[in-house]
Structures are given as C-alpha cells and as structure tokens.
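Notes follow once the structure below has been shown.
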Amino acid sequence: MSETDSETRDAGFDEWLDAAEEDRAYYLACPNDHGSLPPRRVCPDCGATELEELELPESGEIQTFTVTHVPTPAFEEDAPYATAIANFGPVRITGQVVGIGPADVETGLEVELEVTVSETTGERVLGFSPV
Amino acid sequence: MSDVRVAGVGLTPFGNAPERTSRDLFGEASIAAFEDSGVPRDDVDALLYGNFMGELSEHQGHHGPLMAEAAGVRAPATRYESACASSGTAVRDAVMRLRNGEDDVILVGGAERMTNLGTAGATEALAIAADDLWEVRAGMTFPGAYALMAQAYFDEYGGEHEDLAHIAVKNHENALNNEKAQYQSAIEVSDVLEAPQVSSPLGLYDSCPISDGAAAVVLTSEEYAEEHGLEAPVSISGTGQGGDRMALHDREYLARSPAAREAGEEAYADAGVESADVDFAEVHDCFTIAEVLAIESLDLFPIGEGISAARDGRTTADGETPINLSGGLKAKGHPVGATGASQIAEVTKLLSGNHPNSEFVEDATTGVAHNAGGTVASATVHVLEVSE
Ligand SMILES: [Zn+2]
C-alpha cells in the first residue's frame with residue numbers, strides 16, 4: 001500500500017469509527033425503520049434514499065463467534081483472536097472480541113463497541129468488549 | 001425452448017502447481033474439452049471465463065482475450081467474477097445465450113492460480129470476497145466466516161464437529177478414484193477432529209485446500225448438436241441464480257443460504273424437475289459446514305437435517321443421494337475460478353458413465369451442480385439431465 005493510500009480515509013466508514021471512539025456510534029435508519037451501516041446512500045431493504053443517523057443501542061448480544069488461528073497477514077501478530085457477530089437491534093455488526101480471553105467468548109454474551117488497533121498493523125479495528 | 005448440450009469437458013489436475021500460469025492451465029483444460037467434444041475451435045462463438053484473484057496472484061487483469069488465445073479460439077471473450085461462483089455465473093450466461101439463439105457454440109470455463117501466494121497470501125486474497133470495511137478489517141477470514149455460520153448452525157439446529165468430520169471423510173473417500181483430485185487419500189474422523197484449528201470450530205481438515213487448476217466445457221445448442229451428429233447425451237436443462245447481502249451480519253439468517261435456495265428453486269422450475277427427482281449433486285463444500293447449508297438449500301434434506309446426512313450414510317456414494325462423488329472442493333480441490341465449471345464437468349461425466357464413480361449412479365438421470373460465492377452472497381445452480 002502506498003503512503004497516499006494509507007492516508008486516504010474511507011468516507012462514511014472512518015467517520016463512523018471516529019464516532020464510535022467518542023461513544024457516539026450510530027446506524028442509518030430509513031423511513032420504514034430498516035437499519036443499516038454506512039457508507040450508504042440507499043436503504044438496501046426498501047430502496048429509500050432518506051437515511052437518518054440514529055444512535056446505536058449501547059450494547060449488543062453475541063449471536064455467533066469464532067476463534068481464528070490462521071489470520072490474514074494484517075492480523076498475523078493478533079492471532080489467535082475471537083471474531084463475533086453481535087446483534088445491536090437495528091443492525092448486526094462484525095467485530096473482534098477484546099478484554100476477554102478467546103476461550104471465554106460465548107453466544108449470548110453482552111458486549112459494547114470498543115475501537116481497538118491491530119497489533120500487526122496499528123490500524124483501527126472494530127471491537128467488542130464485554131459489558 | 002431448446003436444451004443446451006454439454007459437448008465436451010476438460011479438466012487439469014487440481015493441486016499444487018505454483019509455477020503454472022492460469023493461461024497454461026486453461027490451455028490444457030481447453031484442449032481436453034475440444035478433444036472430448038469433437039467440435040472445431042472455429043465454430044466457437046464466445047468464451048465466457050471465470051476467474052477471481054488473477055490481479056493478486058499473477059498481476060493479470062483482462063483475462064478474457066488472453067484465455068481465448070490460450071485456447072486457440074478466435075471469438076469475443078469475457079471474464080466473469082463472482083468470487084468462488086465465477087465460472088458458475090459464466091455457465092449460466094452461456095446457457096442463456098445458447099437458448100436464445102444468440103450463439104451456437106460457447107467455450108465456458110475458468111482457472112485459478114493460488115498456491116504461488118502461499119497460505120497467508122491466499123487467505124488474504126480469499127478474504128476480499130467479503131465486505132472489506134465491515135468484515136475483513138475486523139479480522140474476519142474466509143474460513144472465519146464459515147466458522148461463524150457453523151457455530152450459528154450448531155446453536156440453532158444442533159450438531160457438532162464430529163458430524164462435520166464425516167463430511168470430510170466421505171469426500172476424501174469419493175476422491176480416491178478421481179485421478180484429477182488434489183487428495184487421493186483416505187482420512188478418518190479422528191484425523192479431522194485432531195487437526196490444527198483454523199477458525200474454531202473448523203480445523204484444517206474441514207477446509208478445502210488452496211489449489212491451482214482449470215476447467216473447460218464446450219456447450220452447444222441442441223440444433224448444433226443434432227446437425228453435427230455430436231455424441232452429447234447430457235444437457236443443462238435448468239439454470240438459476242440467487243443473491244444475498246454481502247456481509248454475513250446483514251443477512252436474515254446466519255445458518256442458512258437463501259441465495260442458494262433461490263437459485264435451486266429457479267433451476268428446478270426451469271428444468272421442470274423437483275428436488276425429489278435429483279439423483280445426486282456436486283455442491284460447493286469449501287468448508288464442511290458449507291455442504292450442510294448447500295444440501296438443505298437445494299431442498300435435498302430438511303433444514304436442520306443436513307448436518308447428520310453424511311454421518312447417517314445418506315450422502316455417501318452408496319447412499320440415497322450421493323453428494324460430491326468427485327471428492328468435492330474438499331478433496332478434489334478448489335481453484336476458485338474453475339470450480340463452477342469443474343462441477344458441470346463432473347456431473348456430465350457421472351451422468352454419461354465416464355466417471356470413475358459412475359457405478360454409484362448407474363440409473364441416474366438428473367444431477368445438480370451448486371456453486372457459491374463468498375459466504376453465499378452469490379449462488380448458481382444448474383440441473384443436468386440425460387437427454388431422452
Ligand atoms: Zn428501508
């Protein structure tokens with residue numbers, strides 16, 4: 001990756017990570033109450049184009065998880081780590097579970113967002129920590 | 001509407017050949033397909049070619065014309081990219097073009113060069129079939145995504161790793177006689193259970209290997225086959241495609257594949273068959289859990305029962321509905337862009353009695369090929385039948 005690439009932000013996504021770091025995480029809601037994640041101009045469920053940023057519920061519940069031992073090179077130093085899908089109500093989100101051993105992660109665990117960094121690259125990583 | 005005939009099929013061995021370029025691989029597969037078909041290269045109207053990671057693995061884009069050249073075909077050529085369903089979608093478009101009379105002969109296939117990337121590089125390349133912002137950057141890998149589905153399946157419908165192990169054992173068993181397969185070695189349930197973890201609950205033996213290989217298929221209209229007296233007893237009688245949200249977390253179900261169900265229902269209706277008519281299937285078992293989701297999506301087993309089908313002997317070679325008689329992606333290998341076309345080749349050989357495992361499906365008239373992309377955000381299903 002060139003220097004320019006790594007300095008270029010991904011519109012919508014990096015703003016969302018900024019917000020999550022400041023405990024202002026949000027989701028996009030359409031007039032028909034479908035929730036989705038940015039960057040997005042159209043509701044993927046109904047095609048509505050009026051999307052509003054609404055506050056994401058403070059905590060979510062882990063619906064499924066895995067402990068990855070063979071990572072991509074971007075997470076070489078991080079493995080083994082747990083990745084989970086957590087249900088926050090209007091949206092579900094994929095994140096890395098932090099603040100707890102991978103072996104202690106389980107379905108039903110209540111978590112909140114915690115933006116962390118990859119030990120390998122120093123890049124921001126969307127994480128979940130137990131409430 | 002006229003049927004589409006499979007005039008000839010060709011495969012390279014699937015396996016570890018890091019030095020071979022995809023043009024070399026596809027050249028070999030196409031030679032075999034033309035020899036098998038008896039169709040002259042001059043009659044080919046188009047090449048539809050599947051490939052997923054060419055830019056990453058060999059710094060090559062624009063595969064279409066390069067592969068036409070490799071196959072010795074002077075015809076317009078287009079690359080199809082739908083992750084692991086790349087050549088499945090190419091086959092589907094070929095079928096539709098032949099049916100509507102646009103073309104008479106199409107060379108369809110795919111290739112992938114993967115092992116030169118090494119395990120880490122291939123893991124990274126495969127991961128881009130997922131949502132980069134929301135999945136890959138959170139550390140999700142391709143095996144990790146299927147592991148999330150496996151865990152969700154266990155929680156929702158039951159089952160355990162040992163059930164999945166029986167699927168791997170079965171597919172290795174089926175590959176023993178397949179000289180093109182990457183693995184022609186038997187394994188036991190204990191091998192699967194004791195293998196190193198890749199992404200829990202999936203281990204090394206739950207995963208398909210990283211493979212190099214190519215597949216090519218010569219398809220013709222029924223009119224062309226009859227006019228030229230081709231020996232082409234197998235037709236593609238049904239085609240279907242389904243789609244789903246890109247990220248797994250955006251799906252309605254974490255332990256089902258609605259895109260494959262949609263593709264299957266469309267293909268069955270198109271062919272005028274029902275799932276009960278299906279004698280055997282080649283399904284996309286990139287991970288053991290994927291075979292479970294596939295056979296349930298194809299309505300070959302009720303939801304929640306696919307998990308025990310291999311263990312109960314219902315999908316083994318001598319079972320009621322043999323699944324992956326080729327060895328599947330698990331043992332035959334999974335050169336991503338070649339997989340969909342290779343499944344068409346295997347089903348054709350099984351139906352025409354030219355496969356080392358044909359004895360298990362001697363009276364079969366209807367086979368199905370199921371090809372999935374990513375975590376099944378893309379899926380194609382084709383029904384193949386022995387023509388009357
Ligand atoms: Zn909506």
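So the sequence lines, in the order shown, correspond to chains G and U.
Take the first sequence: its letter number 5 is residue 5 in full-length UniProt numbering, and every next letter is one higher.
Take the second sequence: its letter number 200 is residue 200 in full-length UniProt numbering, and every next letter is one higher.
Ideal Cβ positions, reconstructed from N, Cα and C, are used throughout, including at glycine.
Note that the structure is a prediction, hence the values are computed from the model and not measured.
Shortest gap from the CB of Ala48 (chain G) to any heavy atom of ligand 1: under 6 Å. If you compare the alpha carbons of G:Glu61, G:Glu76, G:Gly89 with that of Glu55 (chain G), the shortest gap goes to G:Gly89.
One alpha carbon belongs to Asp155 (chain U), the other to Ile303 (chain U), and they sit about 14 Å apart. Within the same chain, Cβ atoms closer than 6 Å to the Cβ of His355 (chain U) are found at Lys349, the five residues on either side in sequence being excluded.
Distance from the CA atom of Asp45 (chain G) to the CA atom of Arg124 (chain G), rounded to whole angstroms, is 29 Å. With a cutoff of 6 Å, Cys286 (chain U) does not count as near ligand 1, since its C-beta is closer than that to no heavy atom of the ligand. Closest in C-alpha terms to Ser358 (chain U), from the list U:Ser326, U:Glu55, U:Thr123, comes U:Ser326.
Leu37, Pro44: these are the residues of the stretch 26-55 of chain G whose beta carbon lies less than 7 Å from some beta carbon of chain U, given in chain order. Under DSSP, Cys84 (chain U) forms a beta bridge with U:Ser82. Distance from the C-beta of Asp250 (chain U) to the nearest heavy atom of ligand 1 is not below 6 Å. At least one beta carbon of chain U lies nearer than 7 Å to the beta carbon of Ile85 (chain G). With respect to chain G, the C-beta atom of Thr123 (chain U) has a partner C-beta closer than 7 Å. Under the DSSP assignment, Pro130 (chain G) falls in the beta strand (DSSP E) whose first and last residues are 124-130.
Per DSSP, the beta-bridge partners of Thr380 (chain U) are U:Gln241, U:Asn371. Secondary structure note for Gly60 (chain G): its beta strand (DSSP E) is the uninterrupted segment 60-68. Nearest CB-CB separation between Ile62 (chain G) and chain U: not below the 7 Å threshold. At a Cβ-Cβ threshold of 7 Å, Ala68 (chain U) and Arg23 (chain U) do not count as neighbours. Per DSSP, the unbroken beta strand (DSSP E) holding Arg5 (chain U) starts and ends at 4-11.
With respect to chain G, the C-beta atom of Ala377 (chain U) has no partner C-beta closer than 7 Å.
Ligand 1 has no heavy atom closer than 6 Å to the beta-carbon of Asp18 (chain G). Shown here, Gln343 (chain U) sits in a helix according to DSSP, grouped into three states. Taking 6 Å as the cut-off, one finds no heavy atom of ligand 1 near enough to the beta carbon of His62 (chain U).
In chain order, Thr94 make up the part of chain G whose C-beta sits under 7 Å from the C-beta of Glu135 (chain U). Exclusion of the five residues before and after Ser207 (chain U) leaves Pro143, Val198, Phe287 as the residues of its chain whose Cβ lies within less than 7 Å of its Cβ.
Not a single C-beta of chain U is nearer than 7 Å to the C-beta of Leu109 (chain G).
Its chain contains Thr120 as the residues whose beta carbon lies nearer than 8 Å to that of Glu76 (chain G), once the 5 sequence neighbours on both sides are disregarded; these appear in chain order. Under the DSSP assignment, Gln184 (chain U) falls outside any beta strand (DSSP E); it carries neither an H nor an E label. Look at Asp45 (chain G): its beta carbon is less than 6 Å from one of the heavy atoms in ligand 1.
Straight through space, the alpha carbons of Thr123 (chain U) and Gly101 (chain G) are spaced by roughly 24 Å.
A check of alpha carbon separations from Tyr49 (chain U) across U:Asp43, U:Gly61, U:Pro209, U:Asp42 identifies U:Gly61 as the nearest. According to DSSP, residue pairing for Gly213 (chain U) in a beta bridge involves U:Glu112. By the 16-neighbour rule on beta-carbons within 10 angstroms, Thr21 (chain U) is buried. Residue state for Asn87 (chain G) is assigned as strand, using DSSP reduced to three classes. Among the CB atoms of chain G, one or more fall inside 7 Å of the CB of Thr141 (chain U).
When C-alpha distances from Pro18 (chain U) are compared across U:Ser190, U:Glu135, U:Ile210, U:Pro40, the shortest belongs to U:Ile210. Judged by beta-carbon spacing, Ala263 (chain U) lies within the 7 Å limit of Val381 (chain U), meaning their Cβ atoms are closer than that value.
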